[in-house]
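So the protein lines, in turn, are chains A and B. FYI, the numbering for the first sequence is 2 to 189, going by the numbering used here. FYI, the numbering for the second sequence is 249 to 477, going by the numbering used here. Ideal Cβ positions, reconstructed from N, Cα and C, are used throughout, including at glycine. Here the structure is a predicted model, which is why all the values come from computation and not from measurement.
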Amino acid sequence: MLFDLQRRKRFKQCIEPYRADVHRFLLWLCYDPTLTEDVLQETFLRAWRSLDKLQDDAAAKSWLLTIARRELARNFSGPQTQLINIDDLPELEHSSSENAEELDDMRRAVRQLDVSYREPLILQIWFGYSTKEIAEHMELSQQAVLTRLFRGREKLRDLWEGNTGDDSPAGNRTDDKHDQSILSNQKT
Amino acid sequence: MSTSCDQCRIAIGADPDNVDAITQEHLAHCNECADYFQRTQKIDSLFKQALHKESEVLVTPAAKNRHWQSSWPAAMAAGLAIITVSVLFLWTTNRPSPLTRELVHHLVEEPAAFSKAPGAADPAEIQRILASANIRLRADSGAVINYIMRCDFNGQKIVHMVVESENGPVTILLMTEDRSIAQITRFSAEGYHGLVKPAARGAVAVLSSDNKVDLDSDRLLQAFEYQTG
Numbered sequence: 002m003l004f005d006l007q008r009r010k011r012f013k014q015c016i017e018p019y020r021a022d023v024h025r026f027l028l029w030l031c032y033d034p035t036l037t038e039d040v041l042q043e044t045f046l047r048a049w050r051s052l053d054k055l056q057d058d059a060a061a062k063s064w065l066l067t068i069a070r071r072e073l074a075r076n077f078s079g080p081q082t083q084l085i086n087i088d089d090l091p092e093l094e095h096s097s098s099e100n101a102e103e104l105d106d107m108r109r110a111v112r113q114l115d116v117s118y119r120e121p122l123i124l125q126i127w128f129g130y131s132t133k134e135i136a137e138h139m140e141l142s143q144q145a146v147l148t149r150l151f152r153g154r155e156k157l158r159d160l161w162e163g164n165t166g167d168d169s170p171a172g173n174r175t176d177d178k179h180d181q182s183i184l185s186n187q188k189t
Numbered sequence: 249m250s251t252s253c254d255q256c257r258i259a260i261g262a263d264p265d266n267v268d269a270i271t272q273e274h275l276a277h278c279n280e281c282a283d284y285f286q287r288t289q290k291i292d293s294l295f296k297q298a299l300h301k302e303s304e305v306l307v308t309p310a311a312k313n314r315h316w317q318s319s320w321p322a323a324m325a326a327g328l329a330i331i332t333v334s335v336l337f338l339w340t341t342n343r344p345s346p347l348t349r350e351l352v353h354h355l356v357e358e359p360a361a362f363s364k365a366p367g368a369a370d371p372a373e374i375q376r377i378l379a380s381a382n383i384r385l386r387a388d389s390g391a392v393i394n395y396i397m398r399c400d401f402n403g404q405k406i407v408h409m410v411v412e413s414e415n416g417p418v419t420i421l422l423m424t425e426d427r428s429i430a431q432i433t434r435f436s437a438e439g440y441h442g443l444v445k446p447a448a449r450g451a452v453a454v455l456s457s458d459n460k461v462d463l464d465s466d467r468l469l470q471a472f473e474y475q476t477g
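Below is the structure:
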């Protein structure tokens, strides 16, 4: 009974505070509020079940996001190339901020960006993950992560500029082999 | 364009917040790459704002209602089909449903409920909380209530109690606003055993870590009288 109480206390203190982060992460990957809620519950149940496997409480957030990613993947059978059908997304409610038009163009671009590029960008830009942490989360090499981040930003730029109708040059395009060759020489 | 510009832009594109000294040196002398760097920072900033906006839009009640209303007939038909299939499925198995998972999770969120001694709940507090749900504790019930709280659950107000039984503490959730439960459902999840069933008003859930909860529930629930008006 005492052990059970301690476990619950640890769960409440270490795991529950990250519910909102996990919720946002799932939402940004799949853009499906209903699926997000289901996977969120599965994630926290799995976390409860596996709480003893969490060695370091300071790593709770990254541990939860990893569980969430796997739970989301389990909901899709077969190759996971695109989680969302753009036509099924809720209507883009227009922003009311000063840079509303730019922001709406970016929201369209983010929705159009393939999840294999969107996920590492979310982890780096929103959650502040290092490339090493992203590599561990996505079970990729650091070099592969660097490539995805670079290519992801290039594609995002193209999509965003396409949405804005901006014809300014986006710089020379390099192919994947050339990118990887350069990245392999980068210090990580 | 020189190779060093290629290297610089890839370094920026991969991790703009952590460019190394060589890249910084190049940026100080190359206007095109400096411009590329600024545009990358702008894109990152807009990306972050876009994510924030999406998380607001996709979870607001207004957004949910609009999505519901635009596809109401199809959603209603699908919902009825889902409820029918779910009830039949749950009737024949003990597989935890989303509701039962939520119920277990609700318990996990309130660990203090199980740390109270038998009969620890203040009688005035018991009366006040039950009254808020238009329920009365029968004077002759003999119920021993360890814990009572008015809680939020799935967007509704419920009464959460821990009641002492012959087999130890039992959790009772009086969900007076829930009209989705058509018949009794038994479940077993995460070390808890329980049931959910219709009540005089709404539904009631009974959970315990002991699988004898069925033997206790009817007797325990007789202690609570649903009042009209």
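{"Asked": "Distance CB(Y130(A))-CB(R149(A)) smaller than 8 Å", "Found": "no"}
{"Asked": "Exposure label - D268(B); buried when at least 16 CB within 10 Å", "Found": "exposed"}
{"Asked": "Reduced DSSP secondary structure (H/G/I, E/B, other) of R434(B)", "Found": "strand"}
{"Asked": "Residues that D271(A) bridges to, as DSSP identifies them", "Found": "Because chain A is modelled from 2 through 189, residue 271(A) falls outside the range shown and cannot be assessed."}
{"Asked": "Any C-beta of chain B under 8 Å from that of L147(A)", "Found": "yes"}
{"Asked": "Neighbourhood of V282(B) by C-beta distance below 6 Å, restricted to the same chain and skipping five residues each side", "Found": "The sequence shown places Ala at residue 282(B), rather than the Val named in the question. The answer, listed in chain order, is L275."}
{"Asked": "Test: G261(B) CB closer than 8 Å to a CB of chain A", "Found": "yes"}
{"Asked": "Cβ neighbour criterion (16 or more within 10 Å) applied to L41(A)", "Found": "buried"}
{"Asked": "H277(B), buried or exposed, once every other Cβ within 10 Å from all chains shown has been counted against 16", "Found": "exposed"}
{"Asked": "Pair within 8 Å by beta-carbon distance, A391(B) and L468(B)", "Found": "yes"}
{"Asked": "Expected contact under 8 Å - CB spacing of Q475(B) and R384(B) to nearest Å", "Found": "6 Å"}
{"Asked": "Nearest-angstrom Cα separation, counted from L30(A) out to C256(B)", "Found": "29 Å"}
{"Asked": "Length-filtered (4 minimum) alpha helix (DSSP H) runs lying within the segment 366-447 of chain B", "Found": "371-380"}
{"Asked": "Nearest-angstrom Cβ-Cβ length linking V444(B) and T348(B), presumed shorter than 8 Å", "Found": "7 Å"}
{"Asked": "Residue environment, N394(B), which counts as buried when at least 16 other CB atoms sit within 10 Å", "Found": "buried"}
{"Asked": "7 Å CB neighbourhood of L124(A) in its chain, flanking five on each side removed", "Found": "Y130, I135, H138"}
{"Asked": "Limits of the unbroken beta strand (DSSP E) element including F12(A)", "Found": "Taken as a continuous stretch (DSSP letters only), F12(A) belongs to no beta strand (DSSP E), as it is neither H nor E."}
{"Asked": "Cβ neighbour criterion (16 or more within 10 Å) applied to A387(B)", "Found": "exposed"}
{"Asked": "Endpoints, the alpha helix (DSSP H) within which S293(B) is located", "Found": "279-305"}
{"Asked": "Whole-angstrom C-beta distance between D115(A) and N164(A), which should lie under 8 Å", "Found": "In fact, because the Cβ distance is near 16 Å, the residues do not count as touching under 8 Å."}
{"Asked": "Closer than 8 Å to chain B by CB, R71(A)", "Found": "no"}
{"Asked": "Counted within 10 angstroms of its Cβ, other Cβ atoms place S142(A) as buried (16 or more) or exposed", "Found": "exposed"}
{"Asked": "Nearest to L73(A) (by Cα), restricted to the options L52(A), F45(A), T132(A), R154(A)", "Found": "F45(A)"}
{"Asked": "F472(B) (DSSP reduced to helix, strand or coil)", "Found": "strand"}
{"Asked": "Of the listed residues S252(B), A451(B), A298(B), nearest to R427(B) (C-alpha basis)", "Found": "A451(B)"}
{"Asked": "Bridge partner(s) assigned by DSSP for A453(B)", "Found": "L421(B), V444(B)"}
{"Asked": "Selection from Q272(B), E412(B), T271(B), A448(B) that minimises the alpha carbon distance to A369(B)", "Found": "E412(B)"}
{"Asked": "For E140(A), three-class secondary structure by DSSP", "Found": "coil"}
{"Asked": "Distance, A259(B) Cα to R20(A) Cα", "Found": "33 Å"}
{"Asked": "Buried or exposed by the 16-neighbour rule on C-beta atoms within 10 Å, applied to T433(B)", "Found": "buried"}
{"Asked": "Interface flag, L351(B) vs chain A, CB-CB below 8 Å", "Found": "no"}
{"Asked": "Length of the line joining the Cα atoms of E102(A) and R158(A)", "Found": "15 Å"}
{"Asked": "T288(B) and R154(A) closer than 8 Å at C-beta", "Found": "yes"}
{"Asked": "Own chain partners of Q272(B) with C-beta closer than 6 Å, once the 5 adjacent residues on each side are dropped", "Found": "none"}
{"Asked": "Within-8 Å CB hit, L124(A) to chain B", "Found": "no"}
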